[in-house]
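Everything below concerns the one structure shown next.
Protein chains in written order, with my numbering: chain D, 786 to 906; chain G, 301 to 708.
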């Protein structure tokens, strides 16, 4: 099963909503210290909907691609809906089942998004 | 060599390059364990009936095989769950007895977590002074003077009570000059106690505990073509005799009264409960297999290793940075190489190779202090075993070219 398909590699090579100078203000950082994957996420809300997402990620293909994919997915969605997401959304978004080890790489982006949203509760 | 390993029958396309993590198992080892389970799976040291006697005899004979392998005596060999448990046993049974607040203990930055974390935690618990030997710019232990001779006096002093060191690094591959280090250590402090982690070395070098003059030595069976769940602690008889037991229960007691218990002498003192009997029998068979084949093949494996390094350095010189200490001009050292691939994370390297049925290891290899010291996050590791051949190297190189294309 090849996870290095067009979509994922595209998000890795051309990540959406990335800003290297994302800054610390309202930004959540989640890292996996054992492998060096790191994701930074910042959201803008209007009432209860996400209007903009800024992020930045360093690390393996999965961690970078999932930051990009999740940031695109979050736009226009409600805070409630996004906070209810669990690891199942990864399979939907990626179109492939990730092995437990690689799933961890994707979940740090989801965690970063949800923690960024929780700042506005 | 692959014909001795059943896994290549069920997985003929497997390119296994992760032997430093665990070795594949020869049929003779699997058969020896199945023989125990099928034909004489009794407990040991208890029953008087024939299969019990056979099981006991085979278990103790396995101990003799291990003792001979290390050039030790039978009563200096303790069977454990593995090298990690052996070291924890030492931290518990030796460390807590012999060390006290303010004592100095020394280990190195290149240790596997098994030979680092127990000592670090013991140092926190007892208030010990923990010193850590660094690596130098050549990735060797920083124990060499300006003329390139080994000089441990800057680090090991009269105050050093315990020194824990690996014989070979599972990340860098080179062998540490243990014999010379121990000889110097004893000249500086005759009472120093030295613990050697030989988990990688037993697979690639002769390990003679009397020649090394180490006080304790550990290794695991599963890296030596043996089963998982079995390992060895070697200890000098008088040191073991002064150690407090680690686990209490059956088999390690001489007499139990309601108000007191008398423990057995070593090694039984440290083998509470029913051991991994099949594991010990399997380990003995693995040692027999290893001895039969290693001398024929060690130089072959090192030649393959040199060819591997040459291919990597030629075809991927702008893409990969290699880290290895294994000398290329001799036949000694552990045949492994750790590398980073420019702009491709180690997990992605390993995953793309995995998709081509090539098994390598990515991550920190249970040596976070060393990797952090070298400024590395995750790295990828290739390691050879007796079954490795040039076909494996060809497939690996093809696999790496796929990575090149994917990330071009």
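Note that CB positions come from ideal geometry on N, CA and C, so glycine has one too.
Cβ neighbour criterion (16 or more within 10 Å) applied to residue i
i	result
residue 374(G)	exposed
residue 355(G)	buried
residue 691(G)	exposed
residue 348(G)	exposed
residue 806(D)	exposed
residue 562(G)	exposed
residue 309(G)	exposed
residue 318(G)	buried
residue 832(D)	exposed
residue 339(G)	exposed
residue 639(G)	buried
residue 887(D)	buried
residue 487(G)	exposed
residue 544(G)	exposed
residue 664(G)	buried
residue 851(D)	buried
residue 463(G)	buried
residue 864(D)	buried
residue 595(G)	exposed
residue 376(G)	buried
residue 346(G)	exposed
residue 574(G)	exposed
Residue i versus residue j - alpha carbon distance
i	j	result
residue 367(G)	residue 586(G)	14 Å
residue 707(G)	residue 307(G)	32 Å
residue 859(D)	residue 838(D)	8 Å
residue 788(D)	residue 335(G)	43 Å
residue 370(G)	residue 342(G)	28 Å
residue 547(G)	residue 615(G)	53 Å
residue 541(G)	residue 668(G)	34 Å
residue 316(G)	residue 471(G)	17 Å
residue 847(D)	residue 672(G)	23 Å
residue 828(D)	residue 894(D)	13 Å
residue 570(G)	residue 398(G)	17 Å
residue 578(G)	residue 333(G)	5 Å
residue 856(D)	residue 809(D)	18 Å
residue 666(G)	residue 469(G)	11 Å
residue 609(G)	residue 883(D)	32 Å
residue 623(G)	residue 822(D)	21 Å
residue 442(G)	residue 435(G)	5 Å
residue 440(G)	residue 612(G)	22 Å
residue 358(G)	residue 877(D)	55 Å
residue 824(D)	residue 871(D)	17 Å
residue 513(G)	residue 490(G)	12 Å
Span of the beta strand (DSSP E), counted from its first residue to its last, around residue i
i	result
residue 466(G)	460-466
residue 429(G)	429-433
residue 379(G)	377-380
residue 681(G)	679-683
residue 364(G)	Per DSSP, residue 364(G) belongs to no beta strand (DSSP E); it is in the alpha helix (DSSP H), 350-370.
Counterpart residues of residue i in DSSP-defined beta bridges
i	result
residue 841(D)	825(D)
residue 496(G)	465(G) and 517(G)
residue 653(G)	Its beta-bridge partners do not exist; DSSP assigns none.
residue 563(G)	553(G)
residue 813(D)	826(D)
residue 318(G)	683(G)
residue 534(G)	377(G) and 517(G)
residue 450(G)	444(G)
residue 404(G)	429(G) and 460(G)
residue 658(G)	315(G)
residue 834(D)	831(D) and 863(D)
Anticipated Cβ contact below 8 Å, residue i with residue j, distance rounded
i	j	result
residue 626(G)	residue 474(G)	5 Å
residue 820(D)	residue 576(G)	The pair is not a contact, with the Cβ atoms about 32 Å apart (cut-off 8 Å).
residue 388(G)	residue 497(G)	With 8 Å as the limit, residue 388(G) and residue 497(G) do not qualify as a contact, their Cβ atoms being about 12 Å apart.
residue 432(G)	residue 409(G)	5 Å
residue 555(G)	residue 539(G)	Going by Cβ atoms, the distance from residue 555(G) to residue 539(G) rounds to 24 Å, so no, they are not a contact pair.
residue 637(G)	residue 682(G)	5 Å
residue 430(G)	residue 421(G)	Not a contact, Cβ separation roughly 10 Å.
residue 582(G)	residue 527(G)	4 Å
residue 891(D)	residue 813(D)	Not confirmed; about 16 Å, so no contact.
Start-to-end residues for the alpha helix (DSSP H) that takes in residue i
i	result
residue 641(G)	Where residue 641(G) is concerned, there is no enclosing alpha helix (DSSP H), although the beta strand (DSSP E) it sits in stretches over 636-641.
residue 425(G)	417-426
residue 388(G)	383-390
residue 895(D)	885-903
residue 690(G)	690-706
residue 877(D)	873-879
residue 437(G)	Looking at the DSSP string, residue 437(G) is not in any alpha helix (DSSP H), and its letter there is neither H nor E.
residue 594(G)	577-615
residue 623(G)	Element bounds for residue 623(G): not the alpha helix (DSSP H) but the beta strand (DSSP E), 620-623.
residue 859(D)	846-859
residue 669(G)	668-673
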